[in-house]
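K.L.:
Residue 365 in UniProt numbering is what sits at position 365 of the sequence shown, and the numbering runs on without skipping anything. Don't be surprised by glycine CBs; every beta carbon is placed ideally from N, CA and C. Have a look at the structure that comes next, please.
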Amino acid sequence: MKKLTFKTPIYLGFSVLIILLSASLLYGFLLSGRVVFLMAAVLAFMAILWIFVYVAKSVGALQAQQEELRTINDKQSGQYKNEFLANMSHELRTPLNSILILAKLLENNKPGNLLPEQVQYATIIHRGGSELLNLINNILDLAKIESGNVALIIERIEYSDIAQDLFELFSSVADSKAIDFHMAIDDELPPFIITDGQRLKQILNNLLANAFKFTGENGRIALSFARANQSPAWKAGMLNGIAADQVVAVSVTDTGIGIAEDKQQLIFEAFKQADGSTSRRFGGTGLGLSICRELATALGGEIHVTSEEHKGSTFTLFIPLRYVGGAGSDLQPVLSEVPTITGKQAAESLDEVFATLPQAVAPPLKNALLTEAQDTDVPQVFTDVHQALKGKRIFLVDDDMRNIFALSTVFSTYGIKVEIANNGIEALDVIQQQPNIDLVLMDIMMPALDGYEAIKKIRTIDRLAKLPIIAMTAKAKQGDKRHALDAGANDYIAKPIAINELLSLIRVWLS
Numbered sequence: 001m002k003k004l005t006f007k008t009p010i011y012l013g014f015s016v017l018i019i020l021l022s023a024s025l026l027y028g029f030l031l032s033g034r035v036v037f038l039m040a041a042v043l044a045f046m047a048i049l050w051i052f053v054y055v056a057k058s059v060g061a062l063q064a065q066q067e068e069l070r071t072i073n074d075k076q077s078g079q080y081k082n083e084f085l086a087n088m089s090h091e092l093r094t095p096l097n098s099i100l101i102l103a104k105l106l107e108n109n110k111p112g113n114l115l116p117e118q119v120q121y122a123t124i125i126h127r128g129g130s131e132l133l134n135l136i137n138n139i140l141d142l143a144k145i146e147s148g149n150v151a152l153i154i155e156r157i158e159y160s161d162i163a164q165d166l167f168e169l170f171s172s173v174a175d176s177k178a179i180d181f182h183m184a185i186d187d188e189l190p191p192f193i194i195t196d197g198q199r200l201k202q203i204l205n206n207l208l209a210n211a212f213k214f215t216g217e218n219g220r221i222a223l224s225f226a227r228a229n230q231s232p233a234w235k236a237g238m239l240n241g242i243a244a245d246q247v248v249a250v251s252v253t254d255t256g257i258g259i260a261e262d263k264q265q266l267i268f269e270a271f272k273q274a275d276g277s278t279s280r281r282f283g284g285t286g287l288g289l290s291i292c293r294e295l296a297t298a299l300g301g302e303i304h305v306t307s308e309e310h311k312g313s314t315f316t317l318f319i320p321l322r323y324v325g326g327a328g329s330d331l332q333p334v335l336s337e338v339p340t341i342t343g344k345q346a347a348e349s350l351d352e353v354f355a356t357l358p359q360a361v362a363p364p365l366k367n368a369l370l371t372e373a374q375d376t377d378v379p380q381v382f383t384d385v386h387q388a389l390k391g392k393r394i395f396l397v398d399d400d401m402r403n404i405f406a407l408s409t410v411f412s413t414y415g416i417k418v419e420i421a422n423n424g425i426e427a428l429d430v431i432q433q434q435p436n437i438d439l440v441l442m443d444i445m446m447p448a449l450d451g452y453e454a455i456k457k458i459r460t461i462d463r464l465a466k467l468p469i470i471a472m473t474a475k476a477k478q479g480d481k482r483h484a485l486d487a488g489a490n491d492y493i494a495k496p497i498a499i500n501e502l503l504s505l506i507r508v509w510l511s
């Protein structure tokens with residue numbers, strides 16, 4: 001049965017009028033002028049009504065189509081932007097990887113055959129490359145934030161660990177400028193916070209970097225953790241009305257150049273600084289504080305500044321003790337099931353320890369326990385690094401000859417033997433002909449056959465099912481690490497590669 005619509009009575013009206021007019025003509029009876037006028041008026045009204053309904057429906061359909069096209073275009077634009085960022089990351093990080101590795105190798109001067117000034121040249125090259133990497137990371141971070149592609153990893157992290165990491169990072173700078181650098185953690189705070197630890201450290205790292213940049217010699221810089229209600233910047237109703245006792249205030253205070261009151265909001269805008277002379281005197285792009293503000297918002301927090309020119313500044317991050325939403329609410333029950341172990345126990349019995357962990361926790365906790373994220377001297381966990389790695393055979397798969405040369409050179413200094421392949425297909429041929437490979441270092445983005453597929457195919461070979469494989473990529477795309485682990489890799493490292501971090505990973509998986 002045909003469904004009745006709003007247009008049905010219009011069609012019926014037209015039909016009745018046409019029948020009446022036709023009958024009057026066929027049978028010769030006359031209608032009065034008033035009736036004819038009335039019929040004509042009704043006919044005109046119905047015609048107008050029909051046109052209105054038709055136009056309204058057509059416009060509605062057109063708007064729906066336009067909205068659908070807009071949604072599709074936005075989605076495609078987002079996908080194109082994500083892919084562009086990933087490719088840009090790869091193209092920038094790949095050459096930087098070999099530059100930083102070789103510069104670090106020269107800086108270490110292990111053979112001892114370089115003059116002091118030559119070592120200094122290498123140090124400057126490495127420092128410049130690191131600063132360029134930091135700039136690239138900032139630009140990519142800002143682009144990810146603006147496109148809504150920031151992935152948060154919610155975890156429990158202790159304030160003491162945050163403070164220790166930051167103190168180690170900035171203590172040498174403090175010493176070189178004779179700056180009084182100290183930290184304080186309020187006893188009233190719980191020992192930990194549940195949030196994205198990496199992003200929290202990134203915010204504080206940027207705030208401290210600015211403090212050290214703008215504070216002269218013999219100045220003072222302090223990092224403090226306290227309840228929000230102990231901060232003069234806290235006001236009721238902030239953070240969507242979260243109670244003050246559920247918010248931590250992390251403050252960075254310095255005795256630097258300060259910021260004029262009318263410039264204090266400007267500095268949080270991307271690529272903007274208090275004035276042009278700031279960039280000329282101190283350098284920088286003006287991205288750091290903009291990223292801090294956006295990351296703070298992503299973590300459910302806010303950043304506030306109080307400052308006085310020529311006297312100093314205080315930047316305060318207000319952040320919930322527990323991340324609101326996301327995985328935060330489900331994290332604590334999982335963490336409570338993790339057995340308590342010492343580093344020595346973990347080192348002596350890795351397989352046994354991690355077999356007792358919940359599946360969702362084992363991979364990230366394993367990374368946390370076994371890798372050094374900073375490019376500092378690696379402690380001796382098992383034996384001397386050289387002795388632990390000497391004679392091992394590593395299969396290096398990468399399509400970039402600069403990276404192959406850089407990594408092969410590093411490995412040779414530790415007595416490591418290296419097999420090489422330039423893509424996934426070549427890797428499959430080589431690995432089946434070389435039975436004594438101890439570990440595979442697999443690049444992800446390669447022609448012919450990428451790293452993901454190569455790893456999957458390697459895992460189908462029975463004798464290679466447990467061969468340690470570390471994936472590496474410069475693409476830095478969201479989900480890369482998870483994709484690598486799902487494909488069968490044991491671990492993952494991002495380019496540019498910190499040598500000590502890589503050696504730490506290799507040593508762990510060869511133990």
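What's the C-alpha gap between E261 and W234?
P.N.:
18 Å
K.L.:
Can you tell me where the alpha helix (DSSP H) with F167 in it begins and where it stops?
P.N.:
Y159 to S176
K.L.:
Examine the Cβ distances between the stretch 129-140 and the stretch 150-157 and report whether three or more of them are shorter than 8 Å.
P.N.:
no
K.L.:
Could you give the distance in angstroms between the alpha-carbon of F45 and the alpha-carbon of V55?
P.N.:
F45 and V55: Cα-Cα distance of roughly 15 Å.
K.L.:
Considering only their Cβ atoms, is the gap separating F395 from V440 smaller than 8 Å?
P.N.:
yes
K.L.:
According to DSSP, simplified to helix, strand and coil, what is A494?
P.N.:
Strand at A494.
K.L.:
Could you give the residue range of the alpha helix (DSSP H) that holds S130?
P.N.:
Annotation: the continuous alpha helix (DSSP H) that includes S130 extends over P116 to E146.
K.L.:
Which class does P447 belong to by DSSP, given the choice of helix, strand or coil?
P.N.:
coil
K.L.:
Report the three-state DSSP secondary structure of P95 (helix, strand or coil).
P.N.:
helix
K.L.:
Apart from the five residues just before and just after I125, which ones in its own chain have a Cβ nearer than 6 Å to its Cβ?
P.N.:
A103
K.L.:
Which runs of the alpha helix (DSSP H), 4 residues or longer, sit entirely within the UniProt domain "Response regulatory" (393-510)?
P.N.:
Counting whole runs of 4 or more residues, the UniProt domain "Response regulatory" (393-510) contains the alpha helix (DSSP H) stretches 401-413, 424-433, 451-459, 480-487 and 499-509.
K.L.:
Mind checking who L317 pairs with in its DSSP beta bridge?
P.N.:
V250 and I303
K.L.:
Considering only C-alpha positions, which residue in the set R127, H90, R93 and N97 is nearest to E107?
P.N.:
R127
K.L.:
With DSSP as the reference, label T71 as helix, strand or coil.
P.N.:
Helix at T71.
K.L.:
Excluding the five sequence neighbours on either side, which residues of its own chain have a C-beta within less than 6 Å of the C-beta of L289, listed in chain order?
P.N.:
Counting only residues of its own chain and dropping the five nearest sequence neighbours on each side, L289 has a CB closer than 6 Å to the CB of I267 and F268.
K.L.:
Determine the extent of the beta strand (DSSP E) in which E184 is found, giving its start and end residues.
P.N.:
One point to set straight first is that residue 184 is Ala, not Glu, in the sequence displayed. Run containing A184: D180 to I185, per the beta strand (DSSP E) assignment.
K.L.:
Taking DSSP's pairing of strands, which residues face D196 in a bridge?
P.N.:
I154
K.L.:
Would you kindly report the start and end of the unbroken beta strand (DSSP E) that includes L223?
P.N.:
R220 to R227
K.L.:
Under 8 Å, do I455 and I469 count as touching if we go by C-beta distance?
P.N.:
yes
K.L.:
How far does the alpha helix (DSSP H) with L289 in it extend, from its first residue to its last?
P.N.:
It spans G288 to A298 - the alpha helix (DSSP H) in which L289 sits, taken as one unbroken run.
K.L.:
Output the distance between the C-alpha atoms of R93 and N137, rounded to the nearest integer angstrom.
P.N.:
Roughly 10 Å separates the two Cα atoms.
K.L.:
Are Q246 and P191 touching if we call contact CB-CB under 8 Å?
P.N.:
no
K.L.:
Give me the Cα-Cα distance between L200 and A484, rounded to the nearest whole angstrom.
P.N.:
25 Å
K.L.:
With DSSP run on the structure shown, which of helix, strand or coil describes E261?
P.N.:
helix
K.L.:
In this structure, does DSSP put G312 in helix, strand or coil?
P.N.:
Under the three-state reduction of DSSP, G312 is assigned to strand.
K.L.:
Could you check where the alpha helix (DSSP H) with N113 kicks off and where it finishes?
P.N.:
First-last for N113: undefined, no H or E at that position.
K.L.:
Measuring alpha carbon to alpha carbon, tell me which of G451, L407 and F411 ends up nearest L428.
P.N.:
G451
K.L.:
Going by the beta-carbon positions, is the gap between R220 and T255 smaller than 8 Å?
P.N.:
yes
K.L.:
Closest to G415 by CA distance: which of E426, A421, L389 and H90 is it?
P.N.:
L389
K.L.:
Tell me which residues share the same chain as S98 and place their Cβ nearer than 6 Å to its Cβ, disregarding the 5 neighbours each side in the sequence.
P.N.:
In chain order, R402, N403 and A406 place their CB closer than 6 Å to the CB of S98, counting only its own chain and leaving out the 5 sequence neighbours on each side.
K.L.:
Do you know offhand how far L287's Cα is from T314's?
P.N.:
18 Å
K.L.:
Judging by CA-CA distance, which residue of P496, G258, A298 and K263 is the nearest neighbour of S307?
P.N.:
G258
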